[in-house]
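Remarks on the structure that follows.
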Amino acid sequence: MKIPRGLEPLIEDGIIESVIRPLKSGKEASVYVVDCGGGVIRCAKVYKEAEKRGFHKLAEYQEGRRARGSRDQRAMGKRSKHGRKQQEEAWKNAEVDALYRLEAAGVRVPKPHGYFDGVLVMELVRDADGGPAMRLNDVTPTADEARAWHAFLMNQIVRMLCAGLIHGDLSEFNVLLGPDGPVIIDLPQAVDASGNNNAFRMLARDVENITAYCARQAPELRNTFYAHEIWKLYQSTELRPDSVLTGEHVFDDSAVDVDEVLAQIEEARFEAEARQRGREQAEADAD
């Protein structure tokens, strides 16, 4: 196939030998299956420039991220030309940093193999037959599988939070099914949990997206409050990577309007369903 422009420098430098085929093209990046030599097959993620990306509310996700130098940080705040360039680099570097950080924390993500000229080279997640793994959205689990995947992904969300990060866009569209179970992907919008004022809302949305997917086969999951349970443990510094979750949460009637909280949860559920319908429609239009 014709070599994508973004991968030409990697071939010239011998980082990859050839491009086998496209794997996925999204609003933020295009992913290709590549041969790195010696029979090593990986994938390469080529990020799109800001004006070609379709991701909205970028500032909301980048709140709390810091540039590598004080000058760059000030420039980002002023939105100067240099600042916009630094913000663009911060966006591209976020996934690279998150992958290394989360892999070290025991989160099941694709193993990163370096970042070169705006391209992230990482593990190709395979299925049981050795082909590229499918997304959860393309799989219909049994009720027992749905419960097991939900429990596993709640633990992964906990491990991410213990590492200081929230995925920010987690759903069945951003989870692959490898031979050993789910693998979380797509992290350029990863949120700094301690520095972002929207952290709980994004955590709750991640939890609700996964819960809504799994609850199609295991309806009892709809009556759980994992986001509130996880966040309470986090705020009280009691959250651990191996914390045992119950999905239960006792709301403080004296401090919180429970009806309002439940209304917000329902609103988040509707939002998750709307996002899913939009993605499905976009996929249908692409076909």
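Residue numbers for the sequence shown follow my numbering, so the first one is 1181 and each next one is one higher. Note that CB positions come from ideal geometry on N, CA and C, so glycine has one too.
Taking residue i as the reference, which of the options has the closest Cα?
i       : options                            : result
PRO1290 : GLU1188, VAL1305, HIS1330          : VAL1305
ILE1390 : GLN1369, ASN1317, PHE1431          : ASN1317
THR1322 : LEU1367, ALA1395, LYS1182, LEU1350 : ALA1395
ASP1324 : GLN1397, GLY1375, ARG1339          : GLN1397
GLU1409 : GLU1275, HIS1429, VAL1287          : HIS1429
Keeping to the same chain, check which residues put their C-beta closer than 6 angstroms to that of residue i; ignore five residues upstream and five downstream.
i       : result
PHE1380 : TRP1411
ASP1193 : none
Enumerate in chain order the residues of its own chain whose CB-to-CB distance from residue i is below 8 angstroms, with the five nearest sequence positions on each side excluded.
i       : result
GLY1234 : Confidence at GLY1234 is low in this model, with a pLDDT of 48, below 50, so the placement of that residue should be treated as unreliable; the coordinate-derived value is given next. Counting only Cβ-Cβ distances below 8 angstroms, and skipping sequence neighbours, we find LYS1207, GLU1208.
PRO1184 : VAL1199, SER1210, TYR1212, VAL1226
GLU1283 : VAL1289, LYS1291, PRO1292
ILE1365 : VAL1289, PRO1290, VAL1305, ASN1354, VAL1355, LEU1356
Helix or strand or just coil, what does DSSP make of residue i?
i       : result
MET1314 : coil
VAL1363 : strand
ALA1209 : strand
LEU1300 : strand
LYS1412 : helix
PRO1421 : coil
ALA1255 : Its pLDDT being 45, under 50, ALA1255 is placed unreliably in this model, and the value from its coordinates should be taken loosely. Helix, per DSSP.
ARG1288 : coil
GLN1277 : The residue you asked about is not Gln; residue 1277 is Asp in the sequence shown. ASP1277: helix per DSSP, three-state reduction.
ILE1196 : coil
LEU1203 : strand
LEU1345 : strand
GLY1218 : coil
GLY1427 : coil
The alpha helix (DSSP H) that contains residue i, what's its start and end?
i       : result
MET1340 : 1323-1342
VAL1387 : 1379-1394
LEU1190 : 1188-1192
Taking the beta strand (DSSP E) that residue i falls in, what are its first and last residues?
i       : result
CYS1223 : 1221-1227
PRO1368 : First-last for PRO1368: undefined, no H or E at that position.
LEU1401 : First-last for LEU1401: undefined, no H or E at that position.
GLY1358 : 1355-1358
Query raised in the report: Any contact of the segment 1417-1424 with the segment 1345-1364, i.e. 3+ C-beta pairs under 8 angstroms?
Result: no
Query raised in the report: Is there contact between the segment 1395-1415 and the segment 1355-1364, where contact requires at least three CB pairs shorter than 8 angstroms?
Result: no
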